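Peer 1:
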Amino acid sequence: MLYTVPVRQTICWLYACLREYLPSALPTHRTTTSIEQEEFFAMEVIIKENPEAMGKLAAELIAEVVRRKPKCVLGLATGSTPLPTYKELIRLHKNEGLDFSRVTTFNLDEYVGLVHEHDQSYHYFMWENLFKQINVNPKSVHVPDGMAKDIPAFCRWYEEQIVKAGGVDMQLLGIGSNGHIAFNEPGSSLGSRTRVKTLDDGTRQDNARFFKSMNEVPKYAITMGIGTIMDARQLILLANGAGKAEAIKQTCEGPITAMVPATVVQLHPKATIIVDKPAATKLTRDYPAEPRVLVLN
Ligand code: GLP
């Protein structure tokens, strides 16, 4: 259009004048993140008595999201640590009617080369320990496909699905004894997206307890990236047992470094780290047993 440029220039000039002389006349643009930052501003650390109490609190925080936003997107984790959380979510569904029918889920990771029916695949784990026992729509459940023929294409698709679903509202995380989150091993780029990672020897040894022999432990995994995880609107990181004490010390009180990927959580505006007493033994500060309610106006 002939008048497009002058009209746009005039609008820009008017806007600049208003911003200079009458800023209160302009709407304030607040993104979701800035609102959430105002509400919480930081990561909080909570020490519970035992894994069951951790699971109850984590499940309650997740349930709060599901009740507030029935069509929410949950990011889910595997490993032994989230099991009490899943047990409590199942109880909330069965006894208190917590409704998952409109919820979409995305899992963090999956071993490359394990069929979905393999009892150590994360597909199998999620169906056995959660999905089968709640009313989530199977079509709304996403676990990375470790059998995908074209893994890079699959990883791109997975990222697109997360965006299409509206982004993750609440991401649950465990932590490896080396400080990994999902399968982002030490040295992973802090901005990484979903991709294949080679598993560290230590991680394979930690997870060997679930396989018949070390040879059977997969060498590769598909994992959401650290950047993908940090995009979630809210994070809960769980750790229990003395074996996680050093990783938790670094995560809560150490410097942010790609060599301990979980330390990046310090930069998240709404993250809750829930640990039990043995995992908290190396922490040097005082932390509460309940989340604080912080309202900043
Ligand atoms: C695996 C998973 C991680 C999990 C970790 C800890 O490596 N990829 O997501 O956090 O195990 O497992 P556990 O909870 O059994 O200690």
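FYI, the numbering for the sequence shown is 31 to 327, going by the numbering used here. Ideal placement from N, C-alpha and C gives every residue a C-beta, glycine not left out. Bear in mind the structure is a predicted one, so any value in this text is a computation, not a measurement.
Count Cβ pairs between the region 96-116 and the region 128-142 that sit closer than 8 Å; are there 3 or more?
Peer 2: The region 96-116, when compared against the region 128-142, does touch it at the 8 Å Cβ threshold.
Peer 1: Could you check if Thr-224 is buried or exposed, using at least 16 other CB atoms within 10 Å of its CB as the buried criterion?
Peer 2: Numbered from its first residue, the sequence shown carries residue 224 at position 194. With 16 or more other Cβ atoms within 10 Å, it is buried.
Peer 1: Looking at the strands, I want to know which residues DSSP matches up with Leu-202.
Peer 2: Taking the sequence shown and counting its residues from 1, the one referred to as residue 202 is at position 172. DSSP lists Ile-266 as partners of Leu-202.
Peer 1: From the DSSP secondary-structure annotation, give me the bridge partner or partners of Ile-76.
Peer 2: The sequence position of residue 76 within the sequence shown is 46, counting from 1. DSSP output for Ile-76 lists Ile-304 as bridge partner(s).
Peer 1: Count Cβ pairs between the region 230-243 and the region 204-212 that sit closer than 8 Å; are there 3 or more?
Peer 2: Yes, since at least three Cβ pairs between the region 230-243 and the region 204-212 fall closer than 8 Å, the two stretches touch.
Peer 1: Taking Cβ to Cβ, would you say Pro-321 is nearer than 8 Å to Ile-76?
Peer 2: Residue mapping note: residue 321 aligns to position 291 of the sequence shown, counting from 1. Residue mapping note: residue 76 aligns to position 46 of the sequence shown, counting from 1. Yes, they are a contact pair.
Peer 1: I'd like the list of long-range same chain contacts for Pro-216, defined as Cβ closer than 6 Å, with 5 residues on each side in sequence excluded.
Peer 2: Translated into positions along the sequence shown, residue 216 becomes position 186. Once the five neighbours on either side are set aside, the close Cβ partners of Pro-216 are Asn-208 and Met-289.
Peer 1: Give me the Cα-Cα distance between Arg-60 and Arg-263, rounded to the nearest whole angstrom.
Peer 2: Position 30 of the sequence shown, counting from 1, holds the residue named residue 60. Position 233 of the sequence shown, counting from 1, holds the residue named residue 263. Its pLDDT being 40, under 50, Arg-60 is placed unreliably by the model, and nothing is read from it.
Peer 1: Consider the C-beta atom of Ala-212 and the heavy atoms of the ligand GLP; say whether any pair is separated by less than 7 Å.
Peer 2: Taking the first residue of the sequence shown as 1, we reach residue 212 at position 182. Checking the Cβ of Ala-212 against the ligand GLP gives yes.
Peer 1: With DSSP run on the structure shown, which of helix, strand or coil describes Phe-155?
Peer 2: Locating residue 155 in the sequence shown gives position 125, counting from the first residue. Reduced to three states, the DSSP call for Phe-155 is helix.
Peer 1: Cα separation between Ala-10 and Met-73?
Peer 2: The structure shown does not extend to residue 10, since the chain is modelled only from 31 to 327, so the question has no answer here.
Peer 1: Can we count Gly-143 as close to the ligand GLP, meaning its CB is less than 7 Å from some heavy atom?
Peer 2: Numbered from its first residue, the sequence shown carries residue 143 at position 113. Not under cutoff, so the answer is no.
Peer 1: According to DSSP, what are the bridge partners of Arg-186?
Peer 2: Mapped onto the sequence shown, residue 186 falls at position 156. BP columns for Arg-186 are empty, so no partner.
Peer 1: Which one or two residues does DSSP pair with Tyr-250 in a beta bridge?
Peer 2: Position 220 of the sequence shown, counting from 1, holds the residue named residue 250. Answer is Thr-228, bridged to Tyr-250.
Peer 1: For the ligand GLP, is there any heavy atom lying closer than 7 Å to the beta carbon of Thr-149?
Peer 2: Position 119 of the sequence shown, counting from 1, holds the residue named residue 149. The question names Thr, yet the displayed sequence has Asp at residue 149. Because no heavy atom of the ligand GLP lies under 7 Å away, the Cβ of Asp-149 does not count as near it: no.
Peer 1: In the DSSP output, which residue or residues are listed as bridge partners for Leu-104?
Peer 2: Translated into the one-based positions of the sequence shown, residue 104 becomes position 74. Thr-135 and Met-200, per the DSSP bridge assignment.
Peer 1: Are the region 113-126 and the region 156-166 in contact at 8 Å, needing three or more beta carbon pairs?
Peer 2: Touching, yes.
Peer 1: Can you tell me the Cα-Cα spacing of Ile-304 and Gly-273, whole angstroms?
Peer 2: Looking up residue 304 in the sequence shown gives position 274. Looking up residue 273 in the sequence shown gives position 243. Cα-Cα distance, rounded: 15 Å.
Peer 1: Does DSSP classify His-172 as helix, strand or coil?
Peer 2: In the sequence shown, counting from the first residue as 1, residue 172 sits at position 142. In the structure shown, His-172 sits in a strand (DSSP, three-state: E or B).
Peer 1: Less than 8 Å between the beta carbons of Pro-100 and Asn-214, yes or no?
Peer 2: Position 70 of the sequence shown holds residue 100. Position 184 of the sequence shown holds residue 214. It is not a contact, given that the beta carbons lie outside the stated cut-off.
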